[in-house]
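Residue numbers (this note's numbering): 1428 to 1591.
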């Protein structure tokens, strides 16, 4: 007995590839991840002295990531809440950036500078990373709420009681 409709690829739907099956927040984080990683490497190479320049850029990247996640979710009809979508995108971007920075800054730069960057990275992980985590979630939520308020449609919900 062979079922002709059984999908051996494990895909949810035949028309979706791997990228399309990822959540909108993860896709937005994947797109903005390289930009945030470059900004974090600049900050790490400068020993944290470029934070006055890189902090506003990082905030704009998190806001853009939240807005992009909202656009993905709204255009696909999988939209639930702008704040949740954006915050999830900001947190996913932070996690992606943390892993990339641990590999790039910790390993590569640590080998080139004979461990100096790794020593400077410990205070960052203890003090700055949690602040960036909270700021990334809030920035992503802000970007998503702003996008939904000014550009987003109500494709997934026509509920009049929705505050957004």
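Glycine included, each C-beta is placed from N, C-alpha and C at the ideal position.
| Check | Outcome |
| --- | --- |
| Considering Cα atoms alone, identify which of 1524, 1477, 1478 is closest to residue 1455. | 1524 |
| Whole angstroms are fine: how far does the CA of residue 1559 sit from the CA of residue 1576? | 25 Å |
| Does residue 1507 come out as helix, strand or coil in the three-state DSSP assignment? | coil |
| What beta strand (DSSP E) runs, 3 residues minimum, are completely inside the stretch 1459-1503? | none |
| Assess contact between the stretch 1506-1518 and the stretch 1463-1471, defined as three or more Cβ pairs (one per stretch) separated by less than 8 Å. Is contact present? | no |
| So, for residue 1460: in the same chain, excluding its five sequence neighbours on each side, which residues have a beta-carbon less than 8 Å away from its beta-carbon? | 1520, 1523, 1524, 1527 |
| Note down the Cα distance separating residue 1465 from residue 1556, rounded to an integer number of angstroms. | 16 Å |
| Residue 1571 and residue 1494: beta carbons closer than 8 Å? | yes |
| How far does the alpha helix (DSSP H) with residue 1578 in it reach, from first residue to last? | No alpha helix (DSSP H) contains residue 1578, which DSSP labels as neither H nor E. |
| Could you check if residue 1415 is buried or exposed, using at least 16 other CB atoms within 10 Å of its CB as the buried criterion? | A question about residue 1415 goes unanswered here, because the residues of the chain that appear run from 1428 up to 1591. |
| What's the call for residue 1476, buried or exposed, on a 16-neighbour Cβ count within 10 Å? | exposed |
| Please determine, among 1567, 1541, 1481, the residue with the shortest C-alpha to C-alpha distance to residue 1490. | 1567 |
| Counting only the same chain and skipping the five closest in sequence on each side, list residues whose C-beta sits under 6 Å from that of residue 1483. | none |
| Confirm, please, whether the CB-CB distance from residue 1563 to residue 1518 is below 8 Å. | yes |
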